[in-house]
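Colleague:
Residue numbers (our numbering), protein chains in the order written: chain A, 13 to 298; chain B, 13 to 298.
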């Protein structure tokens, strides 16, 4: 009797899934098994390497809580989250490109007025972000909502940092009748993703760093349009070419202009600050 | 500026791993990313499906303890464990085929004498297993150790069942000068793998059952030879064609012969029982 081959085993495992009742699940499990088998077979995965993989997943599971999601970090650092974002959101109509949501978005950020400053003096150098929200046909969208959030100068979001008031560096702005928005915030800084768990050890073994390029988050929505979740990146910031979650897309990078202006809440005299313009383009709802 | 494509993202993620210091790790991570991207892209994995995958892994991590390993169950039920076993152990020299170790092997099983019965009357119908351990060149191996273990009539191993004495249906036997071994045990029964967690729910969604075909475990070793970890399957048992961990290989299946014999510990008269012969063949140590 001849010994079972890899190909026979593969055929047997795939054959067991010929009759999966749900068609979509059948497609997904079949492709998953095909690629799992191809991966293990192409690298000749050893029992010791398999065991290391089991330990890695176990540790990732054990460090994961309601506020720490190691499997999302794993997906992010392998680029899978960005791929799923592309698959799920890109329409090819010229809309603003999306990027990862990240773990720090909070529902119900405070409403802000046009021109309001969302950061404190200690949160960093003032940054004025202005622009227009339009449809892909160029029509300005009045009343679009820009939900924005970012980390402070210490690299922490308000929800991570007991020293920041709730809602700090976070807010919802509306566009005016011309589709224009006007936000004062602070210049973003780079920060590392949580790297004290198995994903951090993986990055170290791979010779990679855990840093994200400096960015301001935006979720822009309007009735009749698809919501876009994205970042604006500081074009002079560190890690643009090596953002650890692969979130940087060239169209989302802007060079900040150094200028002087009267900054809300920072006195009546012009002070040194930065400015950038970014127009958002939304695809029509499906 | 054109939007980033899947192919550009893939190239960027792979490119980040060109300089991984350890060559073997570079090979593994590169293939892993290639197949992860191919899987997600070929099925157009949606953000909702991705989120379901993250939840699945999180639940698997949270149910996993020192005595419950959901990630191993996942690997087993997707056939990966059998593939890694093939990759790691098959030498192609005609040795006895291996199969999964499973979670119930215990180091230091009690030593037994040739012809000793390892089960109690309530553990099932007596089964006499005999045979010879040989090298691939046909030479009988004296003093080879056969470490054997199996579940009782209730489908539980001693370590799962407070009503079984420690070491029940478990033991180490040695071959005699002619390489012959002689074991009395009980006829094995099918049992389900733990199916109260995410893997059980996965099997249900796939239209699969959680049962293992009835088997007796063996780990056979001798100095100068490669250890083989395998099962003998009951040829009349249920689930041979659908063993949930894909552990069955045709060369490991034996039809039991019904016979009458004097059974150790079951009186002095011949009683109804079963017999099978199985010769183990070991590859030389590398």
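Every residue, glycine too, gets a C-beta built ideally from N, C-alpha and C. Here the structure is a predicted model, which is why all the values come from computation and not from measurement.
Of all the CB atoms in chain A, is at least one closer than 7 Å to the CB of residue 247 of chain B?
Modeller: Walking along the second chain from the start, residue 247 of chain B turns up at place 235. So no, residue 247 of chain B is outside the interface.
Colleague: Using CA atoms only, rank isn't needed, just tell me which of B:229, B:207, B:18, B:45 is closest to residue 96 of chain A.
Modeller: Start at 1 with the first residue of the first chain, and residue 96 of chain A comes out as number 84. When only C-alpha atoms are compared, the closest one is B:18.
Colleague: Are the Cβ atoms of residue 145 of chain A and residue 292 of chain A separated by less than 7 Å?
Modeller: Looking up residue 145 of chain A in the first chain gives position 133. Looking up residue 292 of chain A in the first chain gives position 280. Yes, the Cβ-Cβ distance between residue 145 of chain A and residue 292 of chain A is below 7 Å.
Colleague: Take the Cβ of residue 70 of chain A as the centre, count every other Cβ of all protein chains shown within 10 Å, and call the residue buried at 16 or more, exposed below.
Modeller: One-based indexing of the first chain puts residue 70 of chain A at position 58. Burial call: buried.
Colleague: Are the CB atoms of residue 237 of chain A and residue 294 of chain A nearer to each other than 7 Å?
Modeller: To locate residue 237 of chain A, count along the first chain from 1; it is residue 225. To locate residue 294 of chain A, count along the first chain from 1; it is residue 282. Closer than 7 Å, so yes.
Colleague: With 8 Å as the C-beta to C-beta threshold (strictly closer), list the residues of the segment 226 to 239 of chain B near chain A in chain order.
Modeller: Answer in chain order: no residues at all.
Colleague: In angstroms, rounded to a whole number, what distance separates the CA positions of residue 263 of chain A and residue 82 of chain B?
Modeller: To locate residue 263 of chain A, count along the first chain from 1; it is residue 251. To locate residue 82 of chain B, count along the second chain from 1; it is residue 70. Cα to Cα, residue 263 of chain A sits roughly 42 Å from residue 82 of chain B.
Colleague: Of all the options B:157, B:129, B:143, B:216, which has the alpha carbon lying nearest to the alpha carbon of residue 179 of chain B?
Modeller: Taking the first residue of the second chain as 1, we reach residue 179 of chain B at position 167. The residue with the shortest Cα to Cα distance from residue 179 of chain B is B:129.
Colleague: Checking 7 Å against the spacing of the C-beta atoms, do residue 229 of chain B and residue 200 of chain B come in under that value?
Modeller: To locate residue 229 of chain B, count along the second chain from 1; it is residue 217. To locate residue 200 of chain B, count along the second chain from 1; it is residue 188. Going by C-beta atoms, residue 229 of chain B is not nearer than 7 Å to residue 200 of chain B.
Colleague: Can you check whether the C-beta of residue 66 of chain B is within less than 7 Å of a C-beta belonging to chain A?
Modeller: Along the second chain, one-based indexing puts residue 66 of chain B at 54. Residue 66 of chain B counts as touching chain A.
Colleague: Taking Cβ positions, are residue 155 of chain B and residue 186 of chain B nearer each other than 7 Å?
Modeller: Locating residue 155 of chain B in the second chain gives position 143, counting from the first residue. Locating residue 186 of chain B in the second chain gives position 174, counting from the first residue. Cβ distance < 7 Å, so residue 155 of chain B and residue 186 of chain B count as in contact.
Colleague: Could you spell out the range, first to last residue, of the alpha helix (DSSP H) harbouring residue 59 of chain B?
Modeller: Here residue 59 of chain B corresponds to residue number 47 of the second chain, with the count starting at 1. Counting along the chain, the alpha helix (DSSP H) containing residue 59 of chain B begins and ends at 59 to 75.
Colleague: Hey, residue 37 of chain A and residue 218 of chain B are a contact pair by Cβ (cut 8 Å); roughly how many whole angstroms apart?
Modeller: Position 25 of the first chain, counting from 1, holds the residue named residue 37 of chain A. Position 206 of the second chain, counting from 1, holds the residue named residue 218 of chain B. Yes, residue 37 of chain A and residue 218 of chain B are in contact; Cβ-Cβ is about 7 Å, under 8 Å.
Colleague: Taking residue 190 of chain A as the reference, give the member of A:151, A:284, A:121 with the closest Cα.
Modeller: As a working note, residue 190 of chain A is residue 178 in the first chain. With distances taken between Cα atoms, residue 190 of chain A lies closest to A:151.
Colleague: Pairing CB atoms from the segment 54 to 61 of chain B with CB atoms from the segment 116 to 123 of chain A, are three or more of them under 8 Å?
Modeller: Segments in contact, no.
Colleague: Take residue 100 of chain B as the anchor and find which of A:52, A:170, A:102, A:89 has the nearest alpha-carbon.
Modeller: On the second chain, position 88 is the one that residue 100 of chain B refers to. The residue with the shortest Cα to Cα distance from residue 100 of chain B is A:52.
Colleague: Going straight from the alpha carbon of residue 143 of chain B to that of residue 109 of chain B, what length do you get?
Modeller: Translated into the one-based positions of the second chain, residue 143 of chain B becomes position 131. Translated into the one-based positions of the second chain, residue 109 of chain B becomes position 97. Taking the straight line from one Cα to the other gives about 16 Å.
Colleague: Taking a contact to mean a Cβ-Cβ separation below 7 Å, would you say residue 286 of chain A touches residue 139 of chain A in this structure?
Modeller: Walking along the first chain from the start, residue 286 of chain A turns up at place 274. Walking along the first chain from the start, residue 139 of chain A turns up at place 127. It is a contact, given that the beta carbons lie within the stated cut-off.
Colleague: What's the gap between the Cα of residue 102 of chain B and the Cα of residue 92 of chain A?
Modeller: As a first step, residue 102 of chain B is located in the second chain; it is residue number 90 there, counting from the start. As a first step, residue 92 of chain A is located in the first chain; it is residue number 80 there, counting from the start. Approximately 34 Å, taken between the alpha carbons.
Colleague: Count the other CB atoms, across all protein chains shown, that sit within 10 Å of the CB of residue 249 of chain A; report buried if there are 16 or more and exposed otherwise.
Modeller: Counting from one through the first chain, the residue named residue 249 of chain A turns up at place 237. Classification of residue 249 of chain A: buried, given that the 10 Å Cβ count is 16 or more.
Colleague: Closest Cβ-Cβ distance between residue 19 of chain B and chain A: below 7 Å?
Modeller: Here residue 19 of chain B refers to the residue found at position 7 when the second chain is read from its first residue. Output row for residue 19 of chain B: interface = no.
Colleague: Hey, would you say the C-beta of residue 275 of chain B is under 6 Å away from at least one heavy atom of the ligand FMN?
Modeller: The ligand FMN is absent from the structure shown, which contains no ligands of any kind.
Colleague: Here's the rule: buried if 16 or more other CB atoms are within 10 angstroms of the residue's CB, otherwise exposed. What is residue 213 of chain B?
Modeller: In the second chain, counting from the first residue as 1, residue 213 of chain B sits at position 201. Classification of residue 213 of chain B: exposed, given that the 10 Å Cβ count is below 16.
Colleague: So residue 245 of chain B packs on residue 265 of chain B, CB below 8 Å; how close in whole Å?
Modeller: Indexing the second chain from 1 puts residue 245 of chain B at position 233. Indexing the second chain from 1 puts residue 265 of chain B at position 253. Right, the Cβ-Cβ distance comes to about 5 Å (below 8 Å), so this counts as a contact.
Colleague: Hey, how far is the Cα of residue 61 of chain A from the Cα of residue 42 of chain A?
Modeller: Taking the first residue of the first chain as 1, we reach residue 61 of chain A at position 49. Taking the first residue of the first chain as 1, we reach residue 42 of chain A at position 30. Their Cα atoms are separated by approximately 24 Å.
Colleague: Chain A partners of residue 92 of chain B, CB-CB under 9 Å?
Modeller: As a working mapping, residue 92 of chain B is identified with position 80 in the second chain. The contacting residues are 25, 45, 48, 49, 52, 57, 62.
Colleague: What residues in the segment 71 to 89 of chain A have a beta carbon less than 9 Å from any beta carbon of chain B?
Modeller: So the close ones are 71, 72, 73, 74, 75, 76, 81, 82, 83, 84, 86, 87.
Colleague: Counting only beta-carbon separations shorter than 7 Å, does residue 178 of chain A have a partner in chain B?
Modeller: Within the first chain, numbered from 1, the residue matching residue 178 of chain A stands at position 166. Chain B, which has no Cβ nearer than 7 Å to the Cβ of residue 178 of chain A, makes this no.
Colleague: Does residue 290 of chain A have its Cβ less than 7 Å from a Cβ in chain B?
Modeller: One-based indexing of the first chain puts residue 290 of chain A at position 278. Output row for residue 290 of chain A: interface = no.
Colleague: When you compare the CB positions of residue 205 of chain A and residue 271 of chain A, do they come within less than 7 Å of one another, or not?
Modeller: By one-based count along the first chain, residue 205 of chain A stands at place 193. By one-based count along the first chain, residue 271 of chain A stands at place 259. No; because the gap between Cβ atoms is not below 7 Å, this pair is not in contact.
Colleague: With 9 Å as the limit, tell me which residues of the segment 94 to 105 of chain B have their beta carbon closer than that to any beta carbon of chain A; keep them in chain order.
Modeller: The residues in question are 94, 95, 96, 97, 98, 99, 100, 101, 102, 104.
Colleague: Between residue 15 of chain A and chain B, is the shortest Cβ-Cβ distance under 7 Å, so that the two count as touching?
Modeller: Taking the first chain and counting its residues from 1, one reaches residue 15 of chain A at position 3. Residue 15 of chain A counts as touching chain B.
Colleague: Helix, strand or coil, according to DSSP, for residue 144 of chain B in the structure here?
Modeller: To locate residue 144 of chain B, count along the second chain from 1; it is residue 132. If DSSP states are grouped into helix, strand and coil, residue 144 of chain B belongs with the strands.
Colleague: Buried or exposed, going by whether 16 or more other CB atoms sit within 10 Å of the CB of residue 283 of chain A?
Modeller: To locate residue 283 of chain A, count along the first chain from 1; it is residue 271. The residue is exposed, with fewer than 16 neighbouring Cβ atoms inside 10 Å.
Colleague: When you compare only the Cα positions, how much space is there between residue 288 of chain B and residue 274 of chain B?
Modeller: Here residue 288 of chain B refers to the residue found at position 276 of the second chain. Here residue 274 of chain B refers to the residue found at position 262 of the second chain. Cα-Cα distance, rounded: 16 Å.
Colleague: Nearest CA to the CA of residue 28 of chain A: which residue from B:167, B:253, B:114, B:98?
Modeller: Stepping through the first chain from its first residue, residue 28 of chain A is reached at position 16. The residue with the shortest Cα to Cα distance from residue 28 of chain A is B:253.
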